[in-house]
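> Residue numbers (this note's numbering): 494 to 687.
Once you've had a glance at the structure underneath, I'll fire off some questions.
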């Protein structure tokens, strides 16, 4: 009886590639776990057995069911990282995003070379916006500080008894009861922004 070379069809979970290498894979639920590429069909079959052993598959589903139980799966073959279909989809998605980002950077560099005045105009525009925003903030802060100061002065005068000559229509009397809470400040800021 002559010895024949075992091929991929003789083992469970083993495929022969066009390059002559053998790949091993195992199904786990609805996911196909790729175990790697090997030089011989026997190595790929042992990788399949190691994964089957780790997934608690029955011995009849293994390629080498006669291997003693004392020989652990780690001894059969080290299990490489398992790639699932979801991993591949995530990788393709990331590759597409990376390609788009690279194209954007390339387009921006070409645009900057062709239209340098646009860059200068954009920077001036944002600088002017920042200046205007800072001016509005400073103005608002000064307004609220003045409002708080007037309220404190009016309340102090009322406590000292100097406000007795004020009537209800006097503006200084109204300053004593002026609203300076955060809610009032927020409402006024949103009204000023519109």
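Using N, Cα and C, we set each Cβ at its ideal position, and we do this for glycine too.
1) For residue 594, collect the residues of the same chain with a Cβ closer than 7 Å to its Cβ; drop the 5 residues on either side in sequence, then sort them by chain order.
2) Leaving out five residues on either side along the sequence, give the residues of the same chain with a beta carbon under 6 Å from the beta carbon of residue 527.
3) How many Å lie between residue 498 and residue 523 at the Cα?
4) Taking the C-alpha atoms as reference points, what is the distance between residue 545 and residue 516?
5) How is the alpha helix (DSSP H) around residue 618 delimited, first residue to last?
6) Find out if the Cβ-Cβ distance for the pair residue 534, residue 557 is shorter than 8 Å.
7) Ignore the nearest five residues each way along the sequence and tell me which others in residue 579's own chain have a CB closer than 8 Å to its CB.
8) Would the beta-carbon of residue 531 fall within 8 Å of that of residue 543?
9) Does DSSP classify residue 602 as helix, strand or coil?
10) Residue 552 to residue 510, Cα distance in whole Å?
11) Which value, in whole angstroms, describes the spacing of the CA atoms of residue 589 and residue 623?
12) Taking buried to mean at least 16 other C-beta atoms within 10 Å of its own C-beta, is residue 494 buried or exposed?
Let me spell this out:
1) none
2) 518 and 576
3) For residue 498, the predicted structure reports a pLDDT of 46, less than 50, and the residue's modelled location is therefore unreliable. A value from the coordinates is still provided. Cα to Cα, the separation comes out at about 32 Å.
4) 15 Å
5) 609–653
6) no
7) 524
8) no
9) helix
10) 27 Å
11) 35 Å
12) Because residue 494 sits at a pLDDT of 32, beneath the cut-off of 50, its placement in the model cannot be relied upon, and the following sentence gives the value as read from the coordinates. Flag for residue 494 reads exposed.
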